[in-house]
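This report concerns only the one structure given below.
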Amino acid sequence: MSLRPRIGAPTSSRPRTGAPTSLRPRTGAPTSLRPRIGARLRRLLTPLVVLTLVAAPAGCGAEPAPDDPAGARAVVPLPENVQDPAPVPSAGPVPDCVPRASLRPDGPLPTAGRMPAGSPMAAIAARGRLIVGIDQNAYLFSFRDPKTGDLAGFEIDIARAVGRAIFGRDDAVQFQAITTADRIPVLQQKKVDLVVRTMSMTCERWQQVSFSTEYLTSHQRLLVRRGSGIREFSDLAGRKVCATRGSTSIRTIAEQPSKPIPVATDSTLDCLVMLQQGQVDAVSTIDVLLAGLAAQDPTTEVTGRFSSDEPSGIGIPKDEPDLVRFVNAVLARMRADGSWTRSYQRWLTPLGPPPAPPAAVYRD
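Residue numbering for the sequence shown follows the numbering used here, starting at 346 and increasing by one per position.
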């Protein structure tokens, strides 16, 4: 029943994905690509207690079946790898920084197919593919289009723009499905060249990896069942709130004055399943991902004030400043030529009208 993508697992495994609301989808949202999570739910809802009735042949004097044990009922299993309660990462000393500040592009982009000798881009070109870690279950961000079978979404567009800048074509990007907790390890071990997976830029993470400039602004909020009466974290005292393991959301949940209980899973989709099954009272992560979860289940809604500021940047290995500058040049071109806005209009308009692209902030 494991649905957790292994590091380097091929993305041909068909993910179940969904569409966002805001947040509820507006009229005209691409509902033809709505998620298919029914099979997953059917597996998770398979009862673990099965009552078997054995019929005796007529006239054999079969004894009547005993009454069901008092209180016996089906047990709904948890998704795999749930941590309840979740361990909360300790907040060690972190040097002050400007999380959004990255490295300035080193002049114009080189011609595609002619990367500077000795650069990490030249090594990627020699390999023949750009390897990018993604979440393949984030509808409108990175998901498999059921019509074409291809990966698509806002973050897929960004990853392909980097690949196109190196190779001059769109078919030279190899996507690897990774979990939230995998993002930093796969960069440190150089199993991928980039991570494009709504990765929040923080001073703590800057000590472990590098980031591009910001490509999306979001904030942490709540997803709850409609009619639950839950509007804010203050309504969740002593109640369970789900987030993905390795995310900044776990610590934010634990630091709330109302003292909710953080629960960790491998994916936000698992959090949605637990909310539907009544195993948690809320899900908390960035609002753009919560909007996607809400679209998968119209009985849920996004609520609550912003509890944190979460700028998303492309994760890049720590010792690759030339690659950071190159990626930032690609993002600068996307802002300038309108391709960032066109991608947002194509995928994310259910979240609201397209904003201006996040302004680049440089530290040098």
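In this text, a Cβ means the ideal position worked out from N, Cα and C, and glycines have one as well.
Local Cβ density within 10 Å of residue i, reported as buried at 16 or more and exposed below that
i, result
"F556", "buried"
"S688", "buried"
"K604", "exposed"
"G623", "exposed"
"S592", "buried"
"L389", "Annotation note: pLDDT 45 at L389 (below 50); position unreliable, coordinate value reported separately. L389 should be labelled buried."
"A431", "buried"
"G478", "buried"
"Q481", "buried"
"G508", "buried"
"V433", "exposed"
"K535", "exposed"
"D682", "exposed"
"V439", "exposed"
"V420", "exposed"
"D538", "buried"
"T645", "buried"
"P695", "buried"
"P491", "exposed"
"A582", "exposed"
"A471", "exposed"
"S545", "buried"
"G473", "exposed"
Bounding residues of the alpha helix (DSSP H) (the contiguous stretch that carries residue i)
i, result
"P702", "Where P702 is concerned, there is no enclosing alpha helix (DSSP H), given that its DSSP letter is neither H nor E."
"R472", "465 to 472"
Three-state secondary structure (DSSP) of residue i
i, result
"E559", "strand"
"M457", "Sequence check: residue 457 is Ala here, not Met. DSSP places A457 in coil when its eight states are reduced to three."
"S594", "helix"
"I606", "strand"
"P589", "The sequence shown places Thr at residue 589, not Pro. Three-state DSSP puts T589 in a strand."
"A506", "helix"
"R379", "Because R379 sits at a pLDDT of 46, beneath the cut-off of 50, its placement in the model cannot be relied upon, and the following sentence gives the value as read from the coordinates. DSSP places R379 in coil when its eight states are reduced to three."
"E696", "In the sequence as presented, Glu is not what sits at residue 696; that position holds Leu. Residue state, collapsed to three classes: helix."
"S435", "coil"
"A446", "strand"
"Q428", "strand"
"A483", "strand"
"A599", "helix"
Beta strand (DSSP E) segment containing residue i, residue limits
i, result
"R708", "Unbroken run through R708: none, as it is neither H nor E."
"F488", "487 to 489"
"I479", "475 to 479"
Same chain, Cβ closer than 8 Å to residue i, neighbours up to 5 away in sequence not counted
i, result
"A705", "S447, T558, E559, N673, L676, A677, R680"
"D515", "R505, G508, R509"
"L475", "I469, A504, V507, G508, I511, F512, A517, V518, Q519, D538, L539"
"Q533", "Q553, V554, P662, K663"
"A467", "M460, P461"
heavy atom of the ligand SAM below 8 Å from residue i C-beta
i, result
"C587", "Absent from the structure shown: the ligand SAM. Ligands present: none."
Same chain only: Cβ atoms within 7 Å of residue i, ignoring 5 sequence neighbours per side
i, result
"W685", "M679, P702"
"F499", "L485, F486, S688, Y689, W692, L693"
"P699", "T686, Y689, Q690"
"T547", "P444, T593"
"P465", "E665, D667, L668"
"D642", "L617, Q621"
"C442", "C548, W551"
"S579", "S603"
"G660", "R528, L532, L539, V540, M544, V554, F556"
Sequence-distant residues of the same chain with beta carbon closer than 6 Å to residue i, five excluded per side
i, result
"D451", "R670"
"Q428", "A609"
"S563", "I631, D632, V633, E655"
"I606", "P430, K585"
"A599", "V433, P607"
"R708", "A446"
"V628", "L568, C587, C616, L620"
Next item on the list: Just list the alpha helix (DSSP H) runs in the segment 612 to 689, keeping only unbroken ones of 4 residues or longer that don't cross its boundaries, in chain order.
Entry: Every unbroken stretch of the alpha helix (DSSP H) spanning 4 or more residues and falling wholly within the segment 612 to 689 is given here in chain order: 613 to 621, 632 to 641, 666 to 682.
Next item on the list: Enumerate, from N- to C-terminal direction, the unbroken beta strand (DSSP E) stretches of 3 or more residues contained entirely within the segment 509 to 572.
Entry: Within the segment 509 to 572, the runs of beta strand (DSSP E) at least 3 residues long that lie entirely inside it are, in chain order, 518 to 522, 539 to 545, 555 to 570.
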